[in-house]
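Beneath this line is the structure, given in structure tokens, with notes to follow.
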Amino acid sequence: MNTVPALRRRRARIGRPIGRPAYLAIASTTFVLLIAVWWAAGATGLADPMFLPGPGAVLEALGRQVANGELWSDVGVSSFRILMGFVIATVMAIPVGTLMGVNARVEAALEPLMDFIRYMPVVAFVPLTIVWVGIDENQKFLIIWMGTFFQQVLMVADAVRRTPRTLVSLGETLGLSWGQLLVRIVVPSAMPRIWDALRITLGWAWTWLVVAELVAASSGMGYRITVAQRFFETDLIIGYVFVLGVLGLILDQAMRAAGRRMFAYQEGRP
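In my numbering, the protein residues as written are 378 to 647.
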């Protein structure tokens, strides 16, 4: 007899948000447990230190890189490449995706092409990009652009399509032109979802950055990982992968915080 109220209580708890302190506590606990398991695997002999060095060895390797200045140099070079490639892709993707989302003819002309290209492995284009633009910074920008632009276009178009029809009808009733509808209603309504799409694709951009720097590079975090691989310095490899993860997490959380602040007026954002 108590089954129905119990089900209702369980359903009411699904999707219920938690406070920021609780969120941070749970997230921190997850990382602490992961590091503890990592340390225990080495301390108990379950993992060979040659293949999986412990946290202490990784921190020591990163400390050497900090001391000789290579870590900061690599982070700076890689961050610049990410910034340029991602910004170029974003500046191009937002208008193209917006047009696809509001115009069925543009969608019919471009969406199949975007779908076709986005399934092509970017890694396979690395040799071609070297032939096309050489091995300088433009090649790194191009790889990052190829890995993010086509995904961004489709995600932006989907965000624009989800604009409530009632808002568009209201604008038409008020006599707004097509351009005014786009600028005053469609884009502002879609911006929270577009921002989320940019946040997601920024993570992909970091992945493609490493791919671009693994070949035909003489600096950057991907290059340093390649050099460490040649000398079997697994502690340095794991350390740089760890730094990439930390940088990505910081940027992701920064974009989340910026999104909550900018779009607090929409979608019940706190």
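Note that beta-carbon positions come from the ideal geometry of N, C-alpha and C, so glycine has one too.
Q: Give a yes or no on contact between the stretch 510-530 and the stretch 457-475, applying the rule of three or more CB pairs nearer than 8 Å.
A: Yes, since at least three Cβ pairs between the stretch 510-530 and the stretch 457-475 fall closer than 8 Å, the two stretches touch.
Q | C-alpha gap between T475 and L490, whole angstroms | A | 16 Å
Q: Have a look at A424 and A418 and give me their C-alpha separation to the nearest angstrom.
A: So the alpha carbons of these two residues sit roughly 5 Å apart.
(Q) Buried or exposed for I412, going by 16 or more other Cβ atoms inside 10 Å? (A) exposed
Q.
Here's the rule: buried if 16 or more other CB atoms are within 10 angstroms of the residue's CB, otherwise exposed. What is R646?
A. The pLDDT assigned to R646 is 46, lower than 50, so where the model puts this residue is not dependable; a value taken from the coordinates is nonetheless given after this. With fewer than 16 Cβ atoms within 10 Å of its Cβ, R646 is classed as exposed.
**Q.** Contact the stretch 549-560 vs the stretch 492-512: 3+ CB pairs below 8 Å
**A.** Contact fails between the stretch 549-560 and the stretch 492-512, because fewer than three Cβ pairs, one in each stretch, are under 8 Å apart.
Q) Quick check: the stretch 428-444 against the stretch 581-599, are there 3 or more CB pairs under 8 Å? A) No: the two stretches stay apart, fewer than three of their Cβ pairs being nearer than 8 Å.
Q. Whose CA, out of L626, V620, F640, lies closest to the CA of G355?
A. Nothing can be reported for residue 355, as the shown portion of the chain is limited to 378 through 647.
Q) Near E514, what residues of its chain come up, given a Cβ to Cβ distance below 8 Å and the 5 sequence neighbours on each side ignored? A) R458, M461
**Q.** C-alpha distance - L613 paired with A574, whole-angstrom precision
**A.** Near 32 Å, if we compare the C-alpha coordinates of A574 and L613.
Q.
Report the start-end ranges of each alpha helix (DSSP H) in the stretch 469-509 that is 4 residues or longer and not cut off at the edges.
A. 481-495
Q.
So within the stretch 552-589, which uninterrupted beta strand (DSSP E) runs reach at least 3 residues, ignoring any that extend past its ends?
A. none
Q. So V435 and I615 are in contact, right, with Cβ under 8 Å, and what is the actual spacing, rounded?
A. 5 Å
Q: Can you say whether V563 is buried or exposed, counting buried as having 16 or more other CB atoms within 10 angstroms of its CB?
A: buried
Q. Which residues in the same chain as R570 place their Cβ atom closer than 7 Å to its Cβ, once the five residues preceding and following it in sequence are excluded?
A. Excluding five sequence positions before and after R570, the CB atoms of its chain that fall closer than 7 Å to its own CB belong to A536, R539, given in chain order.
Q.
I'd like to know whether the C-beta atoms of R576 and M632 end up nearer to each other than 8 Å.
A. yes
Q: Grab the span of the alpha helix (DSSP H) containing V533 for me, first residue to last.
A: 514-538
Q. Among P472, L551, Y600, which has the Cα closest to the Cα of F337?
A. Nothing can be reported for residue 337: it is not among the residues displayed for the chain, which extend from 378 to 647.
Q | Extent of the continuous alpha helix (DSSP H) run through P432 | A | Boundaries of the alpha helix (DSSP H) harbouring P432: 432-445, taken from the DSSP string.
Q) Is the beta carbon of A534 less than 8 Å from the beta carbon of M477? A) The criterion of a C-beta distance shorter than 8 Å is satisfied by A534 and M477.
Q: Can you tell me which of the three DSSP states T421 falls into?
A: T421 carries a coil assignment under DSSP once its states are collapsed to helix, strand and coil.
(Q) Let me see if you follow: with CB-CB separation under 8 Å, is R576 close to chain C or not? (A) The structure shown contains no chain C; it is built from a single protein chain.
Q) How close, in whole Å, do the beta carbons of G625 and G580 come, if the pair is a contact with beta carbons under 8 Å? A) Taking C-beta atoms under 8 Å as the contact rule, G625 and G580 qualify, at a distance of about 6 Å.
Q) Quick one: what does DSSP say S456 is sitting in, helix, strand or coil? A) Here S456 sits in helix by DSSP.
Q. Thinking C-alpha only, which one of W415, G636, D451 is nearest P565?
A. G636
Q: For D629, I'd like the list of residues in its chain whose CB is within less than 8 Å of its CB, leaving aside the five on either flank, ordered along the chain.
A: For D629, where only same-chain residues beyond five positions count, the Cβ hits under 8 Å are R576, L579, G580.
Q) Thinking C-alpha only, which one of A399, G511, A470, T611 is nearest G433? A) T611
Q.
If I follow the unbroken alpha helix (DSSP H) through G622, where does it start and stop?
A. 611-639
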